[in-house]
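Visitor: Chains B and Z supply the protein sequences, listed in that same order.
The first sequence lines up with residues 16 to 271 when you count with this note's numbering.
The second sequence lines up with residues 376 to 680 when you count with this note's numbering.
Handing you a structure now.
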Amino acid sequence: MNILICIKQVPDMESKFKINADKTWYDRADLAWRMNEYDEYAVEQAVRLKEQVGSADLTVLCIGPDQVKETMKKALAMGCDRGVHIADNDAHQREPLVIAGMIANFARDKNFDLIFTGMQSQDRGSGQVGVMVAELLGMDAVTTIVDFAYDNGTVNVKRELEGGTKSLVSAATPLVLTCQLGLNTPRYPTLPNIMKAKKKELLTIAPDLGGVTAGQETAACFFPEKKGGGLVLEGDAPELADKLIQLLKEKTGVLA
Amino acid sequence: MKTLLVAEFREGKLRAEYTQLLAFARESQAEAAMFLVGSAADLPKFDGTLYLAEAVKHGEYSPAVHKQLLLDVIAREKPEQVVFLHSSYGWDLAPRVAVALKAAQVSEVIGVDGGLPVVPVCNAKLRRTIKAATATTVLTLQAGAFGLDDEPAGTPTVITVDTDAAGKVRCTGYEAAKIEGVDLTKANIIVSAGRGVGKPENVAMVQALAKALGGEYGASRPVVDAGWVEHSRQVGTTGSTVTPKLYVACGISGAIQHLAGMKKADFIVAINTDRDAPIGEVANVLVVADLKQFLPILTEKLQNR
Numbered sequence: 016m017n018i019l020i021c022i023k024q025v026p027d028m029e030s031k032f033k034i035n036a037d038k039t040w041y042d043r044a045d046l047a048w049r050m051n052e053y054d055e056y057a058v059e060q061a062v063r064l065k066e067q068v069g070s071a072d073l074t075v076l077c078i079g080p081d082q083v084k085e086t087m088k089k090a091l092a093m094g095c096d097r098g099v100h101i102a103d104n105d106a107h108q109r110e111p112l113v114i115a116g117m118i119a120n121f122a123r124d125k126n127f128d129l130i131f132t133g134m135q136s137q138d139r140g141s142g143q144v145g146v147m148v149a150e151l152l153g154m155d156a157v158t159t160i161v162d163f164a165y166d167n168g169t170v171n172v173k174r175e176l177e178g179g180t181k182s183l184v185s186a187a188t189p190l191v192l193t194c195q196l197g198l199n200t201p202r203y204p205t206l207p208n209i210m211k212a213k214k215k216e217l218l219t220i221a222p223d224l225g226g227v228t229a230g231q232e233t234a235a236c237f238f239p240e241k242k243g244g245g246l247v248l249e250g251d252a253p254e255l256a257d258k259l260i261q262l263l264k265e266k267t268g269v270l271a
Numbered sequence: 376m377k378t379l380l381v382a383e384f385r386e387g388k389l390r391a392e393y394t395q396l397l398a399f400a401r402e403s404q405a406e407a408a409m410f411l412v413g414s415a416a417d418l419p420k421f422d423g424t425l426y427l428a429e430a431v432k433h434g435e436y437s438p439a440v441h442k443q444l445l446l447d448v449i450a451r452e453k454p455e456q457v458v459f460l461h462s463s464y465g466w467d468l469a470p471r472v473a474v475a476l477k478a479a480q481v482s483e484v485i486g487v488d489g490g491l492p493v494v495p496v497c498n499a500k501l502r503r504t505i506k507a508a509t510a511t512t513v514l515t516l517q518a519g520a521f522g523l524d525d526e527p528a529g530t531p532t533v534i535t536v537d538t539d540a541a542g543k544v545r546c547t548g549y550e551a552a553k554i555e556g557v558d559l560t561k562a563n564i565i566v567s568a569g570r571g572v573g574k575p576e577n578v579a580m581v582q583a584l585a586k587a588l589g590g591e592y593g594a595s596r597p598v599v600d601a602g603w604v605e606h607s608r609q610v611g612t613t614g615s616t617v618t619p620k621l622y623v624a625c626g627i628s629g630a631i632q633h634l635a636g637m638k639k640a641d642f643i644v645a646i647n648t649d650r651d652a653p654i655g656e657v658a659n660v661l662v663v664a665d666l667k668q669f670l671p672i673l674t675e676k677l678q679n680r
């Protein structure tokens, strides 16, 4: 089997963000970077599938500046066989369709049976790229999977719906799947596998931007306005507890 | 602006969230028609054109077929905007339509500012406004971001649509949400644990506070995914939507999906070390404190009251 896993490098979401100079995105300086959480589930599911079927070739793909190779090494240490880095310093500004176009242009003649990716990124969060890759390649796609089973070209998944309901969906390869949190338990790379990953192929290629046209741009990126009314309490823990209990007595009926 | 709204249908029923689409159309003073793969026996209430395809024939989730039905209607209606809910149905179908139309898609719209859609960035810590340059724009609306103040009313003019398109992806059934365990929607007081509790052992502090307040304990998604708290206690779009008298969010940063599940609580207390956490947007009181220090003290004081 030939499997592609598309991952993204994102900042740690607990970071203190700042707006960049042209006010279109967050400032990329001084941030800690990691693999998009949703993509960790995509990598894990692909590695598990390889363990199940015995023979499969796992290519992990990531778009961005040179620094994304650090994140790709984690995917290689988790069990991907090779990495393809599409070098693009402007990736963070590109809209989902353009990113999907770059992935589709790479994947078009590679005959991937399955493409796994996260259902969305933690920073941009559009949830568009995976489905758009499928559409551009003429493949089927199923989004938001929380359960995956493969048997001889047939894929059975569960999709997560609103309110905790799941739908059971049957599809066939070639197929794009977008992964929801909780699909599996992503493994931590072991030290021997981290060492092995250093020897795996990690190819950097130039982006192919053909075939799609950008159709949108960010007018402005900004912090949400703080709503008035919300009280902020700071200080010593015992003092804070007294203040909070007093407030609950005054403002709610629950301590009657 | 001519707008096509895409309503949803699941397990034989119209999804009530279609009213959020109507609210958005009303707010943007759009001339709205609606599209639904559903049933003539369960119609949305509004005065306008409804393009209706039968779910019995075309399935409730059959992306290639629904895409074709929708593209046929778009060719006929020629809307400037096609508006979906940002839901498991909407975020799955919208990009397929956007690619086919070569339309810009703007995901998870939470509002409109100066005529431009506003979307969240980085778990809602930041926002963006977006300028789309394509003839048609595809939008998905965040759950709960738009709402009608009144009950929906009216009778649509139904135009039946059909296609011979077929797809290989099939929905074969549904698995109901597990209903064993607690029903948080009935609780008056809920104390929830978020990622900020740090370790599974620390969930006990949240449970103790809930008990001292005479309420139930809940959790945000990461805590449930990690297996520290069972799913029936998850608050948010994929768990329970709750409206207690008091909601205490412990170490919950306030991801949109969580806020959607609890922001209608009467009184919200957030306890967090980060005073800029998005939970502060909906909280009546934000206590800036370390949970491990603060929760045991608060619990003890409540018990000795």
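We treat Cβ as the ideally placed atom computed from N, Cα and C, and that holds for glycine.
1. Between A664(Z), D524(Z), V457(Z), which lies nearest to T511(Z) when the distance is taken from Cα to Cα?
2. Taking its Cβ as the centre, do 16 or more other Cβ atoms sit within 10 Å of E715(Z), making it buried, or is it exposed?
3. Could you confirm whether any beta carbon from chain Z is found closer than 8 Å to the beta carbon of S70(B)?
4. Could you please give the first and the last residue of the uninterrupted alpha helix (DSSP H) stretch that includes L396(Z)?
5. Can you list, in chain order, the residues of its chain whose CB lies under 8 Å from that of R139(B), leaving out five sequence neighbours each side?
6. Mind checking who C236(B) pairs with in its DSSP beta bridge?
7. Can you look up K214(B) in the DSSP assignment and give me helix, strand or coil?
8. Specify, as a first and last residue, the run of the beta strand (DSSP E) that Y622(Z) falls within.
9. Does DSSP put D422(Z) in a helix, a strand or coil?
10. Taking 8 Å as the cut-off, decide whether the C-beta atoms of A658(Z) and I643(Z) are in contact.
11. What are the residues in the segment 246-260 of chain B lying within 8 Å of chain Z by C-beta distance?
12. Can you list the residues of chain Z that K181(B) reaches, using a CB-CB cut of under 9 Å?
13. Per DSSP, what kind of secondary structure is D45(B) in: helix, strand or coil?
14. Between which residues of its own chain and N51(B) is the CB-CB distance below 6 Å, once the five residues before and five after are set aside?
15. Give a yes or no on contact between the segment 421-430 of chain Z and the segment 483-498 of chain Z, applying the rule of three or more CB pairs nearer than 8 Å.
16. Which residue's Cα is closest to the Cα of A499(Z): P527(Z), E386(Z), I631(Z), I449(Z)?
17. Select from R650(Z), Q404(Z), E392(Z) the residue whose C-alpha is nearest the C-alpha of M376(Z).
18. Just curious, the beta strand (DSSP E) that G548(Z) is in, first and last residue?
19. Considering I114(B), what are the terminal residues of the beta strand (DSSP E) in which it resides?
20. Give the DSSP bridge partners of Y203(B), in chain order.
21. Nearest to M5(B) by alpha carbon, out of A90(B), D27(B), Y53(B), I78(B)?
22. Can you tell me whether E249(B) is buried or exposed? The criterion is at least 16 other CB atoms within 10 Å of its CB, across all chains shown.
23. How far does the beta strand (DSSP E) with F642(Z) in it extend, from its first residue to its last?
24. Leaving aside the five residues before and after Y622(Z) along the sequence, list all residues of the same chain whose C-beta is less than 6 Å from its C-beta, in chain order.
25. Check the C-beta distance from G522(Z) over to N647(Z) and give it rounded, since I have them as a contact under 8 Å.
26. Check whether the Cβ atoms of A71(B) and L64(B) lie closer than 8 Å to each other.
27. Taking the C-alpha atoms as reference points, what is the distance between G225(B) and K477(Z)?
28. When you compare only the Cα positions, how much space is there between L677(Z) and E265(B)?
29. So what's M376(Z) in DSSP terms, helix, strand or just coil?
30. Could you list which residues in chain B have their beta carbon closer than 8 Å to that of S524(Z), in chain order?
31. What runs of the beta strand (DSSP E), each 3 residues or longer, lie entirely inside the segment 54-120 of chain B?
32. Given that Q480(Z) touches chain B, what residues does it touch there, using C-beta distances under 9 Å?
33. Comparing alpha-carbon positions, which option in V146(B), P80(B), F238(B), N167(B) lies nearest V472(Z)?
Guide: In short:
1. V457(Z)
2. Since the first residue shown for chain Z is 376 and the last is 680, residue 715(Z) is missing from the structure and cannot be characterised.
3. No, S70(B) lies away from the interface with chain Z (no Cβ there is under 8 Å from its Cβ).
4. For L396(Z), the uninterrupted alpha helix (DSSP H) segment begins and ends at 393-402.
5. Cβ within range, chain order: P111.
6. R503(Z)
7. coil
8. 621-625
9. DSSP places D422(Z) in coil when its eight states are reduced to three.
10. Yes, these two residues count as a Cβ contact at 8 Å.
11. Taking 8 Å as the Cβ-Cβ cut-off against chain Z, the residues of the segment 246-260 of chain B that qualify are L246, V247, L248, E249, A252, P253, L255, A256, D257, L259, I260.
12. Y549, E550, A551, A552
13. coil
14. K23, V25, G133, S136, Q137
15. no
16. From the listed residues P527(Z), E386(Z), I631(Z), I449(Z), the smallest Cα separation to A499(Z) is found for I631(Z).
17. Q404(Z)
18. 545-550
19. First-last for I114(B): 111-122, but that is the alpha helix (DSSP H), not the beta strand (DSSP E).
20. BP columns for Y203(B) are empty, so no partner.
21. A query on residue 5(B) cannot be resolved here, the shown segment of chain B reaching from 16 to 271 and no further.
22. The residue in question, E249(B), is exposed, as its Cβ has fewer than 16 Cβ neighbours within 10 Å.
23. F642(Z) -> beta strand (DSSP E) spans 642-647.
24. Here the set comprises I565, M637, A640, I643.
25. Cβ-Cβ separation between G522(Z) and N647(Z): approximately 27 Å, too far for a contact (criterion under 8 Å).
26. yes
27. 14 Å
28. 15 Å
29. Correct three-state label for M376(Z): coil.
30. Looking at the sequence itself, residue 524(Z) is Asp, so the reference to Ser does not match. Ordered by position in chain B, no residue passes the 8 Å Cβ test against D524(Z), which lies about 20 Å from the chain.
31. Correct list: 72-79, 97-102.
32. In chain order, E110, P111, L112, S141, Q143, M147, G230, Q231 make up the part of chain B whose C-beta sits under 9 Å from the C-beta of Q480(Z).
33. V146(B)
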